[in-house]
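S.K.: Okay, so the sequence shown: first residue is 43 according to our numbering, each after it adds one.
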Amino acid sequence: MTKNEIADALTEIGTLLDLKGENPFKVRAYQSGARVLEALEETELARLIAADELESVKGIGEALAQKIGELHATGKLEFLEKLRASVAPGLVEMLQVPGLGPKKIKALHDKLGIADLGALAAACRDGRVAALEGFGEKTQEKILAGIANREAYGKRHLWWEAWEVAQPIVAGLRALPGVTHAEAAGSLRRGLETVGDLDFIVAARDVVPVVDWFTTQPGVKEVTAKGETKASVRFASGLQADLRLVPAEQFVFALHHFTGSKDHNVQMRQRALARGLRLSEWGLAADDGPDDGGKTVEGGAVSVTAAARPATVKAKVAQTAAQDRVMVRNEEDLFRKLGLHFVPPELREGIGEIETAEQGELPRLVEAGDLRGAFHNHTTASDGRNTLAEMVAAAEALGWEYLGIADHSKASFQANGLSEERLLAQVKEIQELNASQRFKTHVFAGTECDILADGRLDFPADVLAQLDYTVVSVHNAFAQDEAKMTARVIKAIEQPHVTMLGHLTGRLLLRREGYKVDAAKVIDAAIANGVIIELNASPWRLDMDWRLWRKAAEKGLLTSINPDAHETAGLEHVRAGINAARKGWLRKEQVLNTRPKAQVAKYFAAKRG
Ligand code: DGT
Ligand code: CA
Ligand code: CA
Ligand code: ZN
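(1) Looking at D510 and F646, is the spacing between their C-beta atoms short of 7 Å?
(2) With a floor of 3 residues, list each beta strand (DSSP E) that falls wholly inside the segment 527-584, ordered by position along the chain.
(3) Could you tell me the distance, in whole angstroms, from the CA atom of L584 to the CA atom of V368?
(4) Under DSSP, the alpha helix (DSSP H) around I55 begins and ends at which residues?
(5) Assign A350 to buried or exposed, taking buried as 16 or more other Cβ atoms, counted over all protein chains shown, within 10 Å of its Cβ.
(6) Distance, Cα to Cα, A343 vs H299?
(7) So, D366 versus A328, is the Cβ gap smaller than 7 Å?
(8) Would you say the beta carbon of D305 is closer than 6 Å to some non-hydrogen atom of ligand 2?
(9) Counting pairs of beta carbons, one from the segment 142-155 and one from the segment 75-93, are three or more of them closer than 8 Å?
(10) N419 by DSSP, collapsed to three states: which one?
(11) Determine the DSSP secondary structure at D254, reduced to helix, strand or coil.
(12) Using a Cβ-Cβ cutoff of less than 6 Å, which residues in the same chain neighbour F384 once the five nearest sequence positions on both sides are dropped?
(13) Return helix, strand or coil for A357, following the three-state DSSP convention.
(14) Would you report the Cα separation of A283 and V244, rounded to the nearest angstrom?
(15) Does the segment 418-427 come close enough to the segment 380-399 that 3 or more CB-CB pairs lie under 8 Å?
(16) Using the rule of at least 16 other Cβ atoms within 10 Å of the residue's Cβ for burial, across every protein chain shown, is T541 buried or exposed?
(17) Which one of R311, E235, V253, K482 has the shortest CA to CA distance from W202?
(18) Mind reading off the beta-carbon distance from G459 to S451? Whole number of angstroms is fine, and I expect it under 8 Å.
(19) Considering only heavy atoms of ligand 6, does any lie closer than 6 Å to the CB of V385?
(20) Under a three-way DSSP split, which group does G155 fall into?
(21) Look at the alpha carbon of D168 and the alpha carbon of A161, and state the distance between them as a whole number of angstroms.
(22) On the DSSP bridge list, what partners appear for Y511?
(23) For H223, which three-state DSSP category applies?
(24) Closer than 7 Å, CB to CB, is A267 near chain C or not?
(25) On a Cα-Cα basis, can you pick out the residue from S461, A487, Q632 that is closest to Q473?
(26) Identify every run of the beta strand (DSSP E) within the segment 584-647, keeping only runs that are complete inside it and at least 3 residues long; order them along the chain.
(27) Cα separation between A360 and A314?
(28) Using only the alpha-carbon positions, how far apart do A567 and E536 sit?
(29) Beta carbon of F481, beta carbon of E438: below 7 Å?
(30) If the criterion is Cβ atoms closer than 7 Å, does the pair D158 and G132 meet it?
(31) Taking C-beta to C-beta, are V139 and L58 nearer than 7 Å?
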């Protein structure tokens with residue numbers, strides 16, 4: 043165990059002992075022991091343990107020394123495990139409610155038998171907490187509000203919703219006088235499907251007006267921090283946002299650091315160290331730390347060991363630091379300084395992008411501008427909220443060459459699914475619309491045909507043969523076990539005339555888990571049958587998950603970025619699909635709806651046979 047992990051364990055012991063009402067001196071001994079450990083060097087801790095000299099450190103007595111030694115050697119501590127088992131986990135969770143410390147929690151437990159947040163909320167609601175000595179009405183109200191906030195604010199947020207909040211803020215920040223750079227970093231910039239909080243990085247000549255502007259934006263419900271270089275706010279939705287102000291010369295480093303991910307950052311730092319450089323959120327410099335013996339750094343700069351520096355001459359130190367600092371103009375430059383091709387933010391998940399960038403083999407990722415249209419869209423014929431003509435007009439306004447319509451089939455009666463007759467009438471309507479040349483955008487006639495519980499399709503082959511294309515999806519019997527669901531989906535994929543599989547798992551992010559299906563088997567079956575698996579771009583779905591795309595596409599799977607739009611505005615959701623496709627390392631060639639209309643028509647015709 044590292045010293046920080048050991049320090050965490052000691053802190054936890056202190057908290058648990060406190061919750062049990064142990065002697066305060068004992069509690070404090072563990073808490074201050076943790077602080078002492080944090081201040082030690084990792085190597086120094088190892089040396090002290092090896093030499094059996096831990097007890098010589100001020101603040102570490104016999105009992106602590108023994109426990110630290112055990113944790114360091116084995117990574118485990120029987121004492122802590124027994125202690126954990128003796129305290130209800132709900133009590134530990136209650137510590138996260140503002141205003142509740144170990145003493146109050148112990149009182150609630152002893153006097154009212156409360157051992158978790160649910161019981162605590164109930165006791166607040168019927169006034170039992172206020173009646174306790176040392177609590178009162180006000181405390182009770184505060185506890186209840188704290189529990190409610192914890193539920194609302196503990197959540198993650200859809201990328202799309204976070205993006206809608208972030209966009210105007212970035213634009214507003216850039217427009218402020220004196221702001222030279224402003225960007226949204228973090229998981230939002232990486233295009234992750236859900237976002238914990240927003241991270242804005244700004245370089246400005248004058249920071250005060252920037253902080254003032256940021257903390258008074260419409261929708262800001264609470265300002266949780268406000269300082270010279272950092273501010274944090276919370277929006278009504280519960281979404282939080284951090285603003286960090288940095289000097290212009292640090293902007294690129296801060297942007298890279300706060301874009302993350304953490305794993306990517308750790309690997310970048312290791313790479314820098316291996317090249318005699320130290321990378322941080324503040325800059326890139328020759329690594330002249332005390333542990334590298336003054337070695338020569340690549341690029342000609344010579345590092346100076348800390349010991350060799352006249353420590354009393356501050357100016358000299360500052361001068362050395364300035365000399366060692368590596369200047370970069372932008373992120374491309376930063377990667378180049380570490381011998382890497384530029385890694386787009388979406389790829390920065392620490393899953394091989396650095397090795398691939400070193401070989402110069404990162405793919406040229408698909409871009410929003412590559413899309414020429416989209417399939418799998420609904421109209422008022424089933425459960426959409428706009429008519430066929432409205433949907434096509436919206437596609438035309440987006441500059442799309444084509445729009446695919448795929449309304450639900452009759453088994454999806456809850457979505458007003460179409461019967462064979464209604465479907466064929468819609469095909470006729472689409473043909474007439476195309477012939478009228480009312481819109482520049484061509485319409486492909488399709489269906490989102492239900493995969494029935496046994497894997498048969500909701501429409502017979504002779505009906506599907508009259509369409510341009512067919513999307514097949516699971517919309518019922520979600521509870522089937524994995525083997526049954528997998529066989530069901532594969533059976534559907536193997537039917538003639540099936541062009542693509544809709545939303546592989548049916549998940550709804552932050553709302554509902556997907557049904558259980560063996561993705562690897564379905565991917566293989568799709569490739570074998572020349573069937574596309576869609577990348578459903580609805581911000582709630584983003585299904586099939588980006589984590590599966592890289593390998594699947596390498597094996598030869600083709601995708602289509604499908605907005606699954608139920609109204610005109612929904613067409614724009616392809617933007618979220620582009621994020622996921624990029625996170626899945628997909629190139630333009632691997633996405634059907636980047637192809638020109640004629641090629642798409644040919645692809646559909648070939649599949650229909
Ligand atoms: P989120 O907000 O949970 O969706 O995810 P992120 O990636 O936006 O994470 P956040 O907001 O906690 O921090 C932003 C970035 O800052 C993160 O992606 C990487 C960097 N960062 C934060 N904590 C650490 C850390 O302990 N070590 C390193 N190397 N980087 C960190
Ligand atoms: Ca974040
Ligand atoms: Ca953050
Ligand atoms: Zn569907």
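Built from N, CA and C at the ideal position, the CB exists for glycine as well.
M.R.: Considering the structure as presented:
(1) Yes.
(2) 574-578
(3) 40 Å
(4) Counting along the chain, the unbroken alpha helix (DSSP H) around I55 starts and ends at 45-61.
(5) Note that A350 has pLDDT 39, beneath the 50 cutoff, so the model's placement of it is unreliable and the number below is only indicative. It counts as exposed.
(6) Unreliable positioning characterises A343 in this predicted model, as indicated by a pLDDT of 36, which lies under 50. The coordinate reading is nonetheless provided below. Those two C-alpha atoms are separated by around 24 Å.
(7) yes
(8) no
(9) no
(10) strand
(11) helix
(12) Here the set comprises E374, F377.
(13) At A357 the pLDDT is 41, less than 50, meaning the model places this residue with poor confidence and gives no usable figure here.
(14) 13 Å
(15) no
(16) buried
(17) E235
(18) 5 Å
(19) The model depicted lacks ligand 6 and carries ligand 1, ligand 2, ligand 3 and ligand 4 instead.
(20) coil
(21) 11 Å
(22) DSSP, once it has assigned bridges, lists G488 as partnering Y511.
(23) strand
(24) The structure shown contains no chain C, having only a single protein chain.
(25) By alpha-carbon distance to Q473, the top candidate from S461, A487, Q632 is A487.
(26) 601-604
(27) Note that A360 scores a pLDDT of 45, beneath 50, so its modelled location is shaky; the value from the coordinates is reported in the next line. So the alpha carbons of these two residues sit roughly 21 Å apart.
(28) Looking at the two C-alpha atoms, the distance is approximately 8 Å.
(29) yes
(30) yes
(31) no
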